[in-house]
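Numbering (this note's numbering), first residue to last: 35 to 156.
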Amino acid sequence: MIQIDQKTYTTQDGNTVIVLTPAGRLDITTAWQFRLKLQECISKLSRHVVVNLGQVNFIDSSGLTSLVAGMRDADKVKGSFRICNVHPEAKLVFEVTMMDTVFEIFETEEEALEGVPRSIAS
35 MIQIDQKTYT TQDGNTVIVL TPAGRLDITT AWQFRLKLQE CISKLSRHVV
85 VNLGQVNFID SSGLTSLVAG MRDADKVKGS FRICNVHPEA KLVFEVTMMD
135 TVFEIFETEE EALEGVPRSI AS
């Protein structure tokens with residue numbers, strides 16, 4: 035079981051943004067739970083999601099797959115999907131797999147929450 039903290043923010047233009055902060059390992063044993071949480075948030079709460087990975091010290095291909103699926107779900111509903119605060123040990127996985135070029139990745143949660151989501155502006 036993976037622990038996932040959830041916060042809700044409202045932007046200046048009235049959009050709701052959900053921030054999910056999973057803790058521990060995002061791997062084959064926990065990725066499905068995280069995937070379900072992403073689906074639930076995007077379909078029921080907000081099409082805009084920020085995933086704070088500061089407390090995820092390990093991520094494998096299953097974890098990356100859950101993030102890609104979340105990004106696709108957000109894209110389908112013209113939402114935004116941002117990642118922030120990637121743990122140094124997990125950052126290497128993003129770089130080696132070149133997933134750091136696929137996702138919108140921000141240093142801090144505050145930076146990820148700033149501005150109008152890319153898909154709304156276009």
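Just so you know, even glycine gets a beta-carbon here, dropped at the ideal spot from N, CA and C.
Check: In chain order, which beta strand (DSSP E) runs of at least 3 residues are fully inside the stretch 62-132?
Finding: 82-86, 89-93 and 114-118
Check: If you check the beta carbons only, do T99 and A65 fall under 8 angstroms apart?
Finding: yes
Item checked: Other residues of its chain near Q67: CB distance less than 6 angstroms, five sequence neighbours each side excluded -> I36
Check: Thinking C-beta only, is I62 closer than 8 angstroms to D94?
Finding: Yes, Cβ-Cβ distance for D94 and I62 is below 8 angstroms.
Margin query: Any contact between the stretch 102-112 and the stretch 122-131? By contact I mean 3 or more CB pairs, one from each, below 8 angstroms.
Written below: Here the stretch 102-112 makes no contact with the stretch 122-131; the two share fewer than three CB pairs at distances below 8 angstroms.
Item checked: Option in E144, A146, E145 and A103 with minimal Cα separation from M133 -> A103
Next item on the list: Flag this pair as yes or no: are the beta carbons of L72 and V83 separated by less than 8 angstroms?
Entry: yes
Check: Under a three-way DSSP split, which group does T50 fall into?
Finding: strand
Notebook entry, point to check: Among Q46, L87 and T42, which has the Cα closest to the Cα of R81?
Noted result: T42
Notebook entry, point to check: From which residue to which residue does the alpha helix (DSSP H) around E138 run?
Noted result: Counting along the chain, E138 falls outside any alpha helix (DSSP H), though it belongs to the beta strand (DSSP E) covering E138 to F140.
Next item on the list: May I ask which residues mark the beginning and end of the alpha helix (DSSP H) holding E143?
Entry: E143 to L147
Check: Tell me which same chain residues have a C-beta within less than 8 angstroms of the C-beta of F137, skipping the five on either side of it?
Finding: L101, M105, F115, R116, I117 and F128
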